[in-house]
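Asker:
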Amino acid sequence: FRGESCSALSHCVILSTPQSLTSHRFSIFSPQSSLYGHATMLMIPVLVLLSLLDPVSPQARCAPGQACDPRQRRDAGGRGGVYEHLGGAPRRRKLYCATKYHLQIHPNGKIDGSLEENNPLSIMEITAVDVGVVAIKGLFSGRYLAMNDKGRLYASVGTDVISSSNCEFLERIHELGYNTYASKRRASAKRQWYVSINGKGRPRRGFKTRSTDKASLFLPRVLGNKDHEMVRRLRDSQSAQHRSRRQYRARKGRGRRPDD
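Quick note on numbering: the sequence shown equals residues 190 to 449 in this note's numbering.
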């Protein structure tokens, strides 16, 4: 039985019998609900602790034997202080100088700048050889950027050029957002020699350069679609040449007669 009484202010009070109060199995004041409430409150800090120990956000995975830096890793083309490419594959970039020229390496060993946006000779492979030290290779020329003891830029070729100090450059991020590349041979000198392309697309001698010159500031550009297409064609051509050489050696081997 339930009775309802309403006042003149339209406030209604619902009166319930003891049977209606006991019709529900649990009440907020019952011992059973109190136990469930305590259990729920105890689960909350446990879940928080588990979320801290095993976060949902992805963590940087480090290779065995390498130190893991918890900071976000970014390549030298970005603005981070950690070199993501250490120990990894070469970065393919186009080095765009602040003088509006792309650094390019010719097959004949010449170094200069190009105003062309899609020049295959401007595609570089930048490989880390030490912390903050890189080697720059022209992908299509197959030669490495180098600086001799007179400060002249040239393109070196050979299997051991990676170990030559002429082909190693200190890669630093300039405060203006560009990168600078200084010869490792002059790392201990008071004044370093930088890779530099002047306003006419010509390389400057190392002793005439400064880190603040526009000609010494480079922006590593990510390859575009046309650049990737040129790289794909180059790889296909190289693969075809390798297959031709293998087939030639196989035919030559079959043509030989065994010694009696």
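Backbone N, C-alpha and C fix where the C-beta goes; we use that ideal spot for every residue, glycine too.
Could you say which of 399, 425, 419 lies nearest to residue 310 if we only look at CA atoms?
Answerer: 419
Asker: So what does DSSP say about residue 210, is it helix, strand or coil?
Answerer: With a pLDDT of 41 at residue 210, under the threshold of 50, the modelled position of this residue cannot be trusted, and the question is left open.
Asker: Who pairs with residue 302 in a beta bridge, going by DSSP?
Answerer: 292
Asker: Tell me which same chain residues have a C-beta within less than 6 Å of the C-beta of residue 329, skipping the five on either side of it?
Answerer: 309, 310
Asker: Which same chain residues end up closer than 7 Å to residue 393 when comparing Cβ atoms and leaving out the 5 residues on each side of it in sequence?
Answerer: 385, 387, 404
Asker: DSSP state of residue 418, grouped into three classes?
Answerer: helix
Asker: Tell me the DSSP bridge mates of residue 283?
Answerer: Beta-bridge pairing links residue 283 to 312, 410.
Asker: With H, G and I counted as helix, E and B as strand and the rest as coil, what does DSSP make of residue 441?
Answerer: In the structure shown, residue 441 adopts helical secondary structure according to DSSP, grouped into three states.
Asker: What do you get for residue 357, buried or exposed, if any count of 16 or more other CB atoms within 10 angstroms of its CB means buried?
Answerer: buried
Asker: Can you say whether residue 340 is buried or exposed, counting buried as having 16 or more other CB atoms within 10 angstroms of its CB?
Answerer: buried
Asker: Considering only residues of the same chain and omitting the five flanking positions on each side of residue 354, which have a CB-CB separation below 6 Å?
Answerer: 373, 374
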